[in-house]
Amino acid sequence: MSLDLKEKGERRFEEIREKLEEAPLVKKALMEVEKELDVMDEKIKEL
-16 MSLDLKEKGE RRFEEIREKL EEAPLVKKAL MEVEKELDVM DEKIKEL
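In the working numbering, the protein residues as written are -16 to 30.
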């Protein structure tokens, strides 16, 4: 189950990253997304 959640998270991250590449503040936005992914990873590890 954790692997499935991770795969979904990675796919979602890729979708978000593709959209953010068109944004003017790409670097800052990607850093925010990476922080959120770190939080998600911690939550998945707790399961």
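Where is the CB? At the ideal position from N, CA and C, for every residue including glycine.
Cβ-Cβ distance between residue i and residue j below 8 angstroms
| i | j | result |
| --- | --- | --- |
| residue -12 | residue 3 | no |
Residue i to residue j span [Cα, whole Å]
| i | j | result |
| --- | --- | --- |
| residue 0 | residue 29 | 26 angstroms |
| residue 11 | residue 20 | 14 angstroms |
| residue -10 | residue 18 | 17 angstroms |
| residue 5 | residue -5 | 16 angstroms |
| residue 26 | residue -3 | 20 angstroms |
| residue -15 | residue -7 | 12 angstroms |
| residue 39 | residue 23 | With the chain covering -16 to 30 only, the question about residue 39 has no answer from this structure. |
Residue i CB to nearest heavy atom of the ligand ATP below 7 angstroms
| i | result |
| --- | --- |
| residue 19 | Absence of the ligand ATP from the depicted structure is noted, as is the absence of any ligand whatsoever, leaving it without description. |
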